[in-house]
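Engineer: My questions will all concern the structure given below.
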Amino acid sequence: MRKPFVAGNWKMNMNSQTGVALAQGVAEGAADLAGGSVTVAVIPPFVYLPPVGQAVGSSGVAVGAQDVYFEEKGAFTGEISPAMLKDVGCTYVLCGHSERRHVLGESDELVNKKLLAALGGGLLPILCVGELLEERDASQTEQVVERQIRAGLAGVDAEKMATVTIAYEPVWAIGTGRTATREQAQEVHAFIRKLLAEMYSETLAAEIRIQYGGSVKPGNAKELMSEPDVDGCLVGGASLKVDDFVQIIKAAV
Ligand code: PGA
């Protein structure tokens, strides 16, 4: 059985005070579930990782980073290595979030290098994939998602793959209030699982968690996560409010 995984991607929001308050609120609100029946993670901006890590303490709420660089150390001004993320208590890291792909210009190849470096550094990557609106309208959703998954996971063996989470986030649903319907989400999630079975094995594909992301709110989380292949959510906007995020975590069980 796959344990549901709900993660809150804060993006470039919050400050040291509001971030700590949010993390404490989530830790308290999710106390009965986090680390037990639901995997819960908060994903703050790099600079708030240490105070947020302290704020969640031993509550069972994990901490993740929004990005990572693929080199171990050296002259890479502005970048953060996997070892640095481990050092400040990070467990998870997003790889290839759509804003990194489409706003910051990351290619599939760069996403793959980051994912491999994250795995090498003992982090648990969340590989984000998803199509643009024009790609969906041109019936290219499966083609795009397949390309992102095959390229993103190049060189990842089965043992490492067992530690990867996939997040399906249709770009047209991110921050737009326009969520995919449960049927649309399930269709792509089932496609991804079939693809993973082809690339690895049925057994491994059945174990991999596939999150849905894109305008997840307390009002739609339950129905999305009740689909058989939707194993949790990657939440942006609604993860910035304790009550909303805690409601979404509760909707996972
Ligand atoms: P959203 O963002 O929930 O604000 O749509 C989701 C994401 O980008 O991970």
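Under the working numbering, the first residue of the sequence shown carries the number 424, and numbering increases by one thereafter.
Note that the Cβ used here is the ideal one computed from N, Cα and C, for glycine as well.
#1: Heavy atom of ligand 1 less than 7 angstroms from the Cβ of Asn643, yes or no?
#2: Whose CA, out of Leu657, Met437, Val611 and Ser481, lies closest to the CA of Arg559?
#3: Near Ser439, which residues of its chain fall below 7 angstroms by C-beta distance, leaving aside the five closest residues on each side in sequence?
#4: DSSP three-state label for Thr604, please.
#5: Quick one, are the C-beta atoms of Pro427 and Gly655 less than 8 angstroms apart?
#6: Here's a check: name, in chain order, each residue in its chain whose Cβ is nearer than 6 angstroms to the Cβ of Val511, leaving out the five neighbours to either side.
#7: Measuring CB to CB, does Ala423 end up less than 8 angstroms from Val479?
#8: So, helix, strand or coil for Val552, using DSSP?
#9: Would you report the Cα separation of Glu554 and Gly543, rounded to the nearest angstrom?
#10: Quick one: is Lys496 buried, meaning 16 or more other Cβ sit within 10 Å of its Cβ, or exposed?
#11: Does Asn438 come out as helix, strand or coil in the three-state DSSP assignment?
#12: Between Gln477, Asp652, Gly459 and Val449, which has its C-alpha nearest Thr588's C-alpha?
#13: Run through the stretch 562-642 for me and flag every whole alpha helix (DSSP H) of 4 or more residues, listed as ranges in chain order.
#14: Can we count Ser638 as close to ligand 1, meaning its CB is less than 7 angstroms from some heavy atom?
#15: Is it the case that the stretch 531-543 contacts the stretch 560-568, given that we only count it when at least three CB pairs across the two stretches are under 8 angstroms?
#16: Going by CA-CA distance only, name the one from Ser482, Ala450 and Gly431 that's closest to Pro468.
#17: Give the straight-line distance between the Cα atoms of Val669 and Asn643, rounded to the nearest whole angstrom.
Structural biologist: The short version:
#1: no
#2: Val611
#3: Tyr471 and Pro474
#4: coil
#5: yes
#6: Leu472 and Pro473
#7: This structure does not reach residue 423, given that the chain is present from 424 up to 676, and the question cannot be answered.
#8: strand
#9: 28 angstroms
#10: exposed
#11: coil
#12: Asp652
#13: 564-575, 581-584, 605-622 and 625-630
#14: yes
#15: no
#16: Gly431
#17: 14 angstroms
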